[in-house]
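Read through the structure below, which is laid out as structure tokens, and then see the notes.
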């Protein structure tokens, strides 16, 4: 992020100039997309869609915000759209009783007991459980949590990205943290 | 004593409390074992989440992404016509801008000899005019560079037109570089210096540009990041120009 972002308004419609921005921001967008989707191939799709959408919307980027921040906003929206599409596809092929029971299933699938923290710390199992706990969050909770926890965005910035008021952002993060704690507490505290 | 809620602990952890709330919460956690343990427990859980690995991407990842999306960009977006004005119009516009700046600097030199007070007052106006002219110059230079990056070998009319425009830009570039040095802006002067060398190369490549020459030139522009630098400097010039323009009118009269 930085001066390159504010310069982008002049690159609208210019693929050669846009290339610099793609090369510069791809890694960060991939990390964000992976944390949002929890899946490498989905994350790759989101990265591509983010840049295609950003390119088409460059005229809307007026340079008031940092380009990286704006691009992150595009990426989060792409990831949310992607997750909605995935969910729709899954619903077409699998009978699901309700979104809530599905969420509960994911949470209950995360084992609550297990070996001591010495063995689990940074182990593959812990990672699997964290990934499971992240997957159990709703799309909005995951987006808010990822932006706050991994990207260091403020409540106000997250509100802009998710189109939510400050209070709603806080509540979303509270719920996300509570769910993660419940899932990870047995491991982390023992 | 009221203990902190889970939500307050989360806000405390993320630094989202401010003022008295922040101070009170910190003081409470220091004094209260229960809340301190709760905060430590919360932070342990959140720290563990950070351990979630993200698959590594290589140094070339950005280039790989570009290779995947660029065909789709070309297909989806209709390329804007560049150089919508004829070259002679650009040359004319550039010449007028240069003449304006030369006239302005000459005037300033004469004025300097008249009174030191006027010199101090005119600094803002001088800066504004210089920034306006430089931003315009850099915009034209960018268009030229982008055009060159898209150019294919074996198109003599296009190469000849590009060389003609580059030659014109070299002249004005030199003037702005000297002005930037005089004005104590080494950053701008350095970028203009780099740009000047590239423009000279382009102006020396007339219609007879071979595929190799063109590739070398394109590689030079790309590897030096000159297009990017010019773009950033142009933006800064426009920002300065706007900042100067926003100052009260009385200060420049």
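Residue numbers (our numbering), protein chains in the order written: chain A, 1 to 190; chain B, 191 to 443.
Heads up, the beta-carbon is just placed ideally off N, CA and C, and yes, glycines get one too.
message: Against residue 377 of chain B, what residues of chain A qualify as contacts under a CB-to-CB distance less than 9 Å, listed in chain order?
response: The premise fails here: residue 377 of chain B is roughly 12 Å from chain A at the closest Cβ pair, so nothing lies under 9 Å.
- request: Could you say which of A:131, A:158 and A:132 lies nearest to residue 143 of chain A if we only look at CA atoms?
  value: Nearest of A:131, A:158 and A:132 to residue 143 of chain A, Cα basis: A:158.
message: Nearest by alpha-carbon distance to residue 19 of chain A: which of B:218, B:241, B:260 and B:243 is it?
response: B:260
Closer than 9 Å to chain A by CB, residue 372 of chain B: no
task: Could you tell me how far apart the beta carbons of residue 321 of chain B and residue 405 of chain B are, in whole angstroms, since I believe they sit closer than 8 Å?
output: Not really, about 35 Å apart at Cβ, beyond 8 Å.
- prompt: The alpha helix (DSSP H) spanning residue 195 of chain B covers which residue range?
  reply: Taken as a continuous stretch (DSSP letters only), residue 195 of chain B belongs to no alpha helix (DSSP H), as it is neither H nor E.
task: State whether the region 373-383 of chain B contacts the region 409-427 of chain B, with contact taken as three or more CB pairs (one from each stretch) at a distance under 8 Å.
output: yes
- request: Count the CB pairs spanning the region 128-147 of chain A and the region 170-186 of chain A that are closer than 8 Å, and state whether there are at least three.
  value: yes
task: Reducing DSSP to helix, strand and coil, say where residue 204 of chain B ends up.
output: coil
query: Do residue 80 of chain A and residue 139 of chain A have their C-beta atoms closer together than 9 Å?
result: yes
- request: Count the C-beta pairs between the region 366-374 of chain B and the region 335-343 of chain B that are closer than 8 Å, then say yes if the count reaches three, no if not.
  value: no
task: Might you give, ordered along the chain, the residues of its own chain that have their beta carbon closer than 7 Å to the beta carbon of residue 207 of chain B, omitting 5 neighbours on each side?
output: 201 and 215
- prompt: What in chain B is Cβ-close to residue 36 of chain A, meaning under 7 Å?
  reply: Those within 7 Å of residue 36 of chain A in chain B number zero; the least Cβ separation is about 11 Å.
Exposed unless 16 or more other CB atoms sit within 10 angstroms - verdict on residue 26 of chain A: buried
Backbone secondary structure at residue 244 of chain B - three-state DSSP: coil
Proximity winner among B:325, B:381, B:386 and B:373, relative to residue 355 of chain B (alpha-carbon distances): B:386
message: Any beta carbon from chain B within less than 9 Å of residue 151 of chain A's own beta carbon?
response: Among the residues facing chain B, residue 151 of chain A is not included, as its CB has no counterpart in that chain under 9 Å away.
task: Take residue 170 of chain A and list the residues in its own chain whose beta-carbon comes closer than 8 Å to its own, dropping the five residues that flank it on each side.
output: 155
- request: Drop a sphere of 10 angstroms on the beta-carbon of residue 395 of chain B, count the other beta-carbons inside from all chains shown, and report buried for 16 or more, exposed for fewer.
  value: By the 10 Å Cβ count, residue 395 of chain B comes out buried.
- prompt: Leaving out the 5 sequence neighbours to the left and right, which residues in its chain are closer than 7 Å to residue 403 of chain B when beta-carbon positions are compared?
  reply: 395
task: Indicate the three-state DSSP secondary structure (helix, strand or coil) for residue 234 of chain B in the structure shown.
output: Reduced to three states, the DSSP call for residue 234 of chain B is helix.
query: Distance, Cα to Cα, residue 224 of chain B vs residue 241 of chain B?
result: 26 Å
- prompt: Beta-carbon of residue 212 of chain B versus every beta-carbon of chain A: anything under 9 Å?
  reply: no
message: Within the continuous alpha helix (DSSP H) that includes residue 145 of chain A, where are the two ends?
response: DSSP places residue 145 of chain A inside the alpha helix (DSSP H), whose first and last residues are 139-145.
- request: For residue 196 of chain B, return the contacting residues in chain A, with the cut-off set at a CB-CB distance below 9 Å.
  value: 174, 177, 178 and 181
query: Does the Cβ of residue 392 of chain B have 16 or more other Cβ atoms within 10 Å, making it buried, or fewer, making it exposed?
result: buried
message: Determine whether the beta carbon atoms of residue 48 of chain A and residue 255 of chain B lie at a separation below 9 Å.
response: In this structure, residue 255 of chain B lies closer than 9 Å to residue 48 of chain A by Cβ.
- prompt: Any Cβ of chain A within less than 9 Å of the Cβ of residue 200 of chain B?
  reply: yes
- prompt: Do residue 72 of chain A and residue 147 of chain A have their CB atoms nearer than 9 Å?
  reply: A Cβ-Cβ contact shorter than 9 Å links residue 72 of chain A with residue 147 of chain A.
field: Contact list for residue 140 of chain A against chain B, beta-carbon separation under 9 Å
entry: Chain B residues near residue 140 of chain A: none, gap ~16 Å exceeds 9 Å.
message: I want to verify the contact list: residues of chain B whose CB lies under 9 Å from the CB of residue 125 of chain A, in sequence order.
response: Chain B residues near residue 125 of chain A: none, gap ~12 Å exceeds 9 Å.
field: Burial state of residue 363 of chain B (16 or more Cβ within 10 Å)
entry: buried
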